[in-house]
Every structure is written in C-alpha cells, then in structure tokens.
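K.L.:
Residue numbers (the numbering used here): 7 to 357.
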C-alpha cells in the first residue's frame, strides 16, 4: 500500500511524561500511518502542556476512560508506569479499542499472564507491546551470520556501564520506588533480553545472582546469569549500569563449532560485528569478515512503522505480542528467584 493512500490511524496518548514528549509524539507525528489527536495525564496541566506541542493542539481528556470511549480514536498508546498496563488492556477490551503498551509488559508475572489471556480471548482487539529492540537490524544480521558458524554451542552477552547520576528518568517516582519486579533489570534489562531471545530463542532455565549497587535504583540493578536456552545452547548474561567509572560496553558473542560471531553494540565502537568461520576440522579454511550495521533502528520510529503496517493490512509486521513480552519479564523473574535461593537452577515461567 502506498503511504499516500493510507488513512491514518488516530491515536490517543495516555501518559505525557519524558518519553512521550521525546520519543512517542515525534515518532507518531512523523509517521505516515498515525495521527495523534488526543492525550491524557492525571495532572491536567501536564496534559495541556503536552497537547500544545502538537499542531493543531491535541484534545485533552479529563478521565482515563475517555480515550477508550472516544469514537474518533482508533488506537490508545499507553505510557504509564507499567503496573497500570493491565488496567489499560482491560479497558481496551471493554471498549473494543486497539492498544499498545510500553515494556516491560507488566509489574509482575500475575499481571502479565492476565494481559496475555485478555489478548488471546479478544483477537479482534490488537494488544501489542512496544519493545523496539526486537526490530533492530542486528537481529536479522545475526541470524544470517550464525548460519555460517556451524552448530551454536554457547554465547556471552554483556552490557555494562557507569551509573548516570544525571539520568533524567531517575527523577520519576515510579522508578525510584519501583513496583515492577527487579527495578532497572526489568525496565532496561528487557531490551537486552529482547535482543538475546530474538536471535537465539527462548531461555528455558538459569542460575543467577543479582546485587543492588545504587540506592537510587530502588531495587537490584546488576545481574550475572548462566542461561540454558530451549535449544540447549548455554551462555552467560551480564547486565547493569550501576558501576563506577568505566567504559560503557555492550557485546554479544555467539560461539559455534565452526566459527563465531562477535557483535559490538558499545556506544564508542559499536553497530558492527565480526564473523569468523572455520575450525570444525583441522583442515578447514579460516575466514574473518567485519560487517558494519548502518542506520540501526535505535529510535521508536521503527516499532511504530511495524505497528502501522500491522494495522494497515500487513499481518506479521508486529513481533512483540504479549506472550513474547511475557517471556522477557519471566526471565527477569527467574533471575530474581534464582538469586534469592543462592543461584539455584530456576525454570523460566510460562504464560
């Protein structure tokens, strides 16, 4: 379908904080698929300020339910503290309104299970989760690359950085006193887990240790885990940005019996990976190739493009459905349970 022939999906934005202003509103405004038309914040003055950022100004609702009742609105974009995601999905189902919620899917697995159930029981209502890491070019590139390295045996996934005392998101009360399990491990860590599982599949079981380095984090903020994937592949997962002065480093190394892939997504050197092949037998030719990933989809624009395509007749465009996002949160849940039992082996919960 040509973009010029698209009837735009009209969107109400619920929650008008930092991320709504800096990411969602610009992405929706610039998209050929969407038209923001309304907004809500429990503090009306904040909603009115947000509404004025758009031309023409957005309609301002007085009540949460208004977005779901409004016949002008086709989609509700929810950017609330995640403990309210379930309530938003319940209202979407009640009023028959498509809805997209922010990651993590919910504050805990009980809420997440209810969201998965509601989505399955109401297939005419689109319920999706915004998690833009599943749409990274790196996912497609890495899947193609690991096909060259024989049988995948293991992996090392590492994402660490210094604690940012000036992080604007630290000022939000729901992050300082998180109701969502694991605090920053589920808030930021699910991005990393989305990439890991998009490439290597689901995590079946794990052993983990978590610690809290910074009181400002509100909960544990670093994890070291040994993971067994559903495929049988075993690997390590290390995540946390709570350390002292260090280089911000991110890499995903995948090891096979005929080579390896080393993906570097560090800010200073990243968006590239090296594929090394050979070594399955003594006589194998060994090769090495570096691939640069240009114009990676680090913004929210890509996830809204995928959502727009899904809503305009291209099924399969959206990847992060509730059951997928459930798994990301379930991995965090397993890490927390394992750490509380002296790193015992814990099975990752199912929906």
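No residue lacks a Cβ here, since even glycine has one placed at the ideal position from N, Cα and C.
#1: Distance, Cα to Cα, residue 7 vs residue 322?
#2: Between residue 336 and residue 354, which are expected to be in contact by the criterion C-beta below 8 Å, what is the C-beta distance as a whole number of angstroms?
#3: Pull up the distance between the alpha-carbon of residue 127 and that of residue 98, whole angstroms please.
#4: What's the C-alpha gap between residue 246 and residue 61?
#5: Can you tell me whether DSSP reads residue 212 as helix, strand or coil?
#6: Between which two residues does the beta strand (DSSP E) holding residue 297 run?
#7: For residue 204 and residue 281, which I take to be in contact (beta-carbon distance under 8 Å), what is that distance rounded to the nearest angstrom?
#8: Expressed to the nearest angstrom, what Euclidean distance is found between the alpha-carbon atoms of residue 110 and residue 125?
#9: Helix, strand or coil for residue 341? Go by DSSP, reduced to three states.
#10: Got a sec, what are the start and stop residues for the alpha helix (DSSP H) residue 108 sits in?
#11: Classify residue 252 as helix, strand or coil using the three-state DSSP reduction.
#12: If residue 310 and residue 33 are in contact, beta carbons under 8 Å, what's the gap, nearest whole angstrom?
#13: Roughly how many angstroms lie between the CA atoms of residue 216 and residue 198, to the nearest whole one?
#14: With distance defined between alpha-carbon atoms, name the residue in 257, 45, 262, 229 nearest to residue 238.
#15: Note down the Cα distance separating residue 260 from residue 270, rounded to an integer number of angstroms.
#16: Evaluate contact between the region 187–201 and the region 132–143, counting only Cβ atoms and requiring at least three cross-stretch pairs below 8 Å.
#17: Roughly how far, in whole angstroms, is the beta-carbon of residue 135 from the beta-carbon of residue 191, given that I think they are within contact range, below 8 Å?
#18: Could you have a look at residue 277 and say whether DSSP puts it in helix, strand or coil?
#19: May I ask you to report which of helix, strand or coil DSSP gives residue 33?
#20: Answer yes or no: do residue 18 and residue 79 have a C-beta to C-beta separation smaller than 7 Å?
#21: Quick one: is residue 47 buried, meaning 16 or more other Cβ sit within 10 Å of its Cβ, or exposed?
#22: From the DSSP output, which residues share a beta bridge with residue 83?
#23: Mapping the DSSP letters down to three states, classify residue 42 as helix, strand or coil.
P.N.:
Let me spell this out:
#1: Confidence at residue 7 is low in this model, with a pLDDT of 47, below 50, so its placement is unreliable and no value can be given for it.
#2: 5 Å
#3: 13 Å
#4: It is roughly 39 Å from the alpha-carbon of residue 246 to the alpha-carbon of residue 61.
#5: strand
#6: 293–298
#7: About 18 Å; that fails the 8 Å criterion.
#8: 16 Å
#9: Under the three-state reduction of DSSP, residue 341 is assigned to helix.
#10: Segment 104–108 is the beta strand (DSSP E) holding residue 108; no alpha helix (DSSP H) there.
#11: The answer is coil: DSSP assigns residue 252 none of H, G, I, E or B.
#12: Separation of the CB atoms of residue 310 and residue 33 is rounded to 5 Å, and the pair is thereby assigned contact status at 8 Å.
#13: 16 Å
#14: 262
#15: 12 Å
#16: The region 187–201 vs the region 132–143: in contact.
#17: Rounded, the Cβ-Cβ distance is 17 Å, inconsistent with contact.
#18: Coil at residue 277, not helix or strand.
#19: The three-state reading of DSSP puts residue 33 in helix, counting H, G and I together.
#20: yes
#21: buried
#22: 19, 106
#23: strand
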